[in-house]
């Protein structure tokens, strides 16, 4: 039985030769069903850099993204999570 993911999966990838860090994040379809507009706003921020080649879309509506940022990828990811938690708490 396949596991159904309901929250983003995040990882930092470090280039072996340059040491440059890139964030890799997978947004599952169930997560996007609830938080799509917030994720899009986060991706449109000037701090988040990616190109079409960094994006992989899946048939179920989920996608995986490699992104770069002047800050650490972890900081940007945790900022996204904080935004989403505040949004979720305002619904409660």
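Residue numbers (the numbering used here): 69 to 160.
Think of the CB as a built atom: it goes at the ideal place given N, C-alpha and C, for glycine as much as any other residue.
Everything numeric in this text was worked out from a predicted model, so none of it was measured.
Exercise for the section: Report all residues from its chain with a CB closer than 7 Å to the CB of residue 152; omit the five preceding and five following residues, and keep chain order. Expected result: When the five nearest sequence neighbours on each side are left out, the beta carbons in the same chain lying within less than 7 Å of the beta carbon of residue 152 are those of 103 and 106, in order along the chain.
Problem - Which residues DSSP lists as bridging residue 131, in chain order - result: Assignment of beta-bridge partners to residue 131 by DSSP yields 95 and 125.
Handout entry: Distance, residue 150 Cα to residue 157 Cα
Key = Distance between the alpha carbons of residue 157 and residue 150: 10 Å.
Handout entry: Where residue 144 falls, given that 16 or more other Cβ within 10 Å makes a residue buried
Key = With 16 or more Cβ atoms within 10 Å of its Cβ, residue 144 is classed as buried.
Handout entry: Length of the line joining the Cα atoms of residue 129 and residue 97
Key = Approximately 5 Å, taken between the alpha carbons.
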